[in-house]
Amino acid sequence: MVTRHHPHRSRPAPTPANLPRIMIAAPMTGQGKTTVATGLMAALRDAGHTVSGHKTGPDYIDPGYHALATGRPGRNLDPHLVGEKRVEPLLLHGAHGADVAVLEGVMGLHDGRIGGDGFASSAHVAALTRTPVVLVVDVSRMSRSVGALVEGMAVYDPAVEVVGVILNKAGSERNVAEIRRSLRLPVLGVVPRDDEIAAPSRHLGLVPASERADSALAVRRLGARIAQQVDLDAVLALARSAPPLGARPWDPAEEIGAPHGGGRPVVAVAGGRAFTFRYTETEELLTAAGCEVVPFDPLTDPALPSGTRGLYLGGGFPEVFAAELAANRPLLAEIRESVRDGMPTVAECAGLLYLARTLDDAPMAGALPVHARMTERLTLRYPQAVSPGDTLLTRAGERVTGHEFHRTRTTPGASEATPAWEIDGRPEGFASATLHASYLHVHWAGHPRIAARFADATRRRDAAPSGAATTAAAAAPTTVPTTASTIAPAPASTIAPAPAPADPLRHHGDVEARSGLLDLAVNVYSGDRPDWLDRALHGSIADAAAYPDPGPARHAAARRHRRPDDEALPTAGAAEAFTLIARLRPWRRPVVVHPQFTEPHAALEQAGHTVTCVLCRPEDGFALDPAAVPEDADLVVIGNPTNPTGVLHPAATLRALRRPGRLVVVDEAFMDAVPGEPQSLAGDRAEGILVIRSLTKHWSIPGIRAGYVVGDPAVVRELAREQTPWSLSSPAVAATVACTAAQALPEALSRARRLTSWRQCLQEGLARQGVAFVPSGAPFVLARPGKGVHGLLRERGVAVRRADTFPGLDGSWIRLAVRPPETTRRFLDALTEVRACATA
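Heads up: the sequence shown runs through residues 10 to 849, numbered per my numbering.
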């Protein structure tokens, strides 16, 4: 048993020159250094340290896990990509304010660029930064040979100081004792074999952290495991033995110089699950160059951020998400027109594929005249590239270093007339004065002039570009003004005014839509039900003589999310689920994140609880800050996408709400209206999470109260015990079975895509009128046209949902259900008339 004490949290951070640091390396790849390094970072952080994570080499995926473990951006240290002189400054820059830096090696300790005699190897980086090295050795098939192996690694290069060993995948205690006797270096930890903490892999290596539903939880568990098996105090002592560093920290502002011109042009940077590969320093350089870097998700965002003047499409795995990317047609169309209209655009690897006409036959943006396809051949190289001419990023004859790592091929492979690069004398990629698209990944910290040129090009971009790109870019502003105008009343009409809400928490949009008004108040899909659903509902009447059996609905809901039956419970809509949860336990401090659907708040109050409200703010785009939720909250309820804001919270943000003894309830009533359901937790099997689904909105069956919950099996069992017998009717059972079956999924996706297109039409219309709104991922849009608009629209025969009954909103806001374009145009005409009253 390893003994240790927890360090004092109040110990001051060292100055950068005295940075404690350690490298986790291995004799060869596959020894488990990523597992140990990431776990060590998490364990040190849990022990109260501020930890900085660094990866040797060009790898993008490992730094994603490092970021989860440390709570800080993952960084890369690569002499090939940035030059030897920048390695130490970049280490100091990335570790600013940290107690300790943990560097993870690449491949074997001395394995570097082929033909380079160990250049850019782990040993090379350790020597450049004078960092002590700890070897991770897989001992599952060795005994005393471990001693010989480690001894050879330790003496091979006098410039590299190997200071300890961690034995990984260890077996019996007898074998471990034999190995210990063979070693002259201290054994800092013994990690038994555990397949549960291994990271999954795919065709290009590990699965990125952002794609693993359980990544944050897995890293926390890994940190706890490593804390038990590795002597943290001994590791820290070795890290503190590292000599002082004499370089100055890297400074992006010094690299860039003063921005050329005024203004802060918006650079849209692709992110989300399909675009996870980019270096942190790229964004820092663009910011230093005077740009405003705004992320967007090509899987879910219907438009580029408002005011976009430049586009950066980095690397990732678009081939894994080709169908979902293709489904987001409004964004693809906007990007195609923006690139053709001359918006400065950089596309690296995944970005190149995204700009192609097709990717494995799925339609992409079509901004490049190429087709892309997966192949069996892996392209992996570490080249030097030459610019054959003047382009957006380069000038003729300039050289850069980069790396390629992909299994796709484009046809044609490159532009013979204007390639982006020449590599080994062959053209690669596509380039012009406004576009640079290539398979080559370049670390801009090693070539900062690239960032400066890109920033200058975005600044030269016209402030009000013409053409299709203008309309699309204006479609989804990312900020919402907090001032509200007051609109004069219109002449009286025969339409009765909407009744004042007797109970704001119980107010519903169906009250707004009565009296035959044009309905943009009720969030029910505007379209016919599928024939197969109608047949199921009519057929269920034949079973009305028998008590309903919820078993088939439970099995169908569980199968829909690949869960065992005991992790699903069908309910009479989401309303019954909220009531069951409210009555489940004597909640000490239930929290509801607002503004959101008020039914869970009302149910909690009805059950006798005092509810704590956590308000998301309009100036933050109604995004959730997990730190705003009180630590002592034992119940947290949040919508995703949230009604009424339409905000789709990242799954990682919601997972960050988990605490021991806390139940996190996510209302996903509108998640089936999001193509691909990218941020859903319905398939997440982590403890302490419960997801509520409703089938009534997407399938146009509000009169059939059908829904279900999935999640933590212990909680589901508690809810089942509280549920009234036969609360689910036979039609609700039939609807649940039908709408969660495999045959329903294509229709569900088709409806979601149709809603996305309709929403784009609505948001573009609002943007043309200058009405502020919240970019939505749901079948409704929260807009802020000003006080009085709700009533004036009603006088013109249009029902919209008043928003002042949602905590955190006032009468200047309205919520608009997404409707087909013809209905949307009628609404926009009425809105134009109403707004004209304000200036009359």
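By construction, the Cβ of each residue, glycine as well, lies at the ideal position given by its N, Cα and C atoms.
Keep in mind that this is a model prediction, so the values were computed, not measured.
Query	Result
Nearest-angstrom Cα separation, counted from Pro428 out to Val276	24 Å
Simplified DSSP assignment, three categories, for Lys64	strand
Cutoff 7 Å; reference Ala46; Cβ partners in own chain excluding five residues on either side	Ile33, Val111, Glu113
DSSP bridge partner residues for Thr289 (one or two, in chain order)	Beta-bridge pairing links Thr289 to no other residue.
Leu247 beta carbon less than 8 Å from that of Gly48	no
Exposure of Ala262, with buried meaning 16 or more beta-carbon neighbours within 10 Å	exposed
Unbroken stretches of the beta strand (DSSP E), 3 residues or longer, contained in the stretch 72–108	84–86
Three-pair Cβ contact test at 8 Å for the stretch 788–798 versus the stretch 767–774	yes
Meets three-Cβ-pair contact criterion under 8 Å: the stretch 234–253 and the stretch 414–424	no
Straight-line gap, Thr43 to Asp71 (C-alpha atoms, nearest Å)	7 Å
Gln40 versus Thr79, Arg150, Gly103, Ala104, residue with shortest Cα-Cα distance	Arg150
Range covered by the beta strand (DSSP E) that runs through Arg458	Element bounds for Arg458: not the beta strand (DSSP E) but the alpha helix (DSSP H), 457–469.
Check whether Val601 and Ala632 have beta carbons under 8 Å apart	no
Phe836 - DSSP class collapsed to helix/strand/coil	helix
Extent of the continuous beta strand (DSSP E) to which Ile550 belongs	From DSSP, Ile550 is part of no beta strand (DSSP E); its letter is neither H nor E.
8 Å Cβ cutoff met for Leu241 and Ala376	no
Contacting residues, own chain, Cβ-Cβ under 7 Å from Met383 (five flanking each side not counted)	Glu328, Asp369, Arg416, Thr417
Cβ-based neighbour list, Ser441, same chain, cut-off 8 Å, excluding 5 preceding and 5 following	Thr400, Leu401, Thr427
Bounding residues of the alpha helix (DSSP H) (the contiguous stretch that carries Cys300)	Unbroken run through Cys300: none, as it is neither H nor E.
Euclidean distance between Cα positions of Ser396 and Ala660	41 Å
Own chain residues within Cβ distance below 7 Å of Arg349, not counting five before or after	Ala376
One or two residues paired with Leu758 in a DSSP bridge	In the DSSP output, where bridge partners are listed per residue, Leu758 has none listed.
Candidates Ala776, Thr317, Ala826, of which the one nearest Thr354 by Cα	Thr317
Whole-angstrom C-beta distance between Thr59 and Leu100, which should lie under 8 Å	So it is not a contact: roughly 15 Å between Cβ atoms.
Three-state secondary structure (DSSP) of His412	strand
Whole-angstrom distance between Thr607 and Glu343, CA atom to CA atom	36 Å
Cut-off 7 Å between Cβ atoms - residues of its own chain near Ala132, not counting five sequence neighbours on either side	Leu118, His119, Asp166, Val169
Helix, strand or coil at Cys625 [DSSP, three-state]	coil
Coil, strand or helix - Ala845 by DSSP	helix
Contact set for Glu407: own chain, Cβ-Cβ below 7 Å, skip 5 residues either direction	Ser396
Neighbourhood of Ala482 by C-beta, 6 Å cutoff - its chain only, sequence neighbours within 5 removed	The predicted position of Ala482 is uncertain, since its pLDDT is 31 and thus under 50; a value taken from the coordinates is nonetheless stated next. Excluding residues within five positions, the ones whose Cβ falls inside 6 Å are Leu313, Thr317.
Cα-Cα separation between Pro457 and Ile265, rounded to whole angstroms	6 Å
Identity of the residue in Val533, Ala332, Ala394 nearest Pro372 by Cα	Ala332
Opposing strand residues paired with Arg702 [DSSP bridges]	Tyr717
Of the residues His707, Gly319, Asp433, the one placed nearest Ala753, counting alpha carbons only	His707
Proximity below 8 Å, CB of Ile175 to CB of Gly156	no
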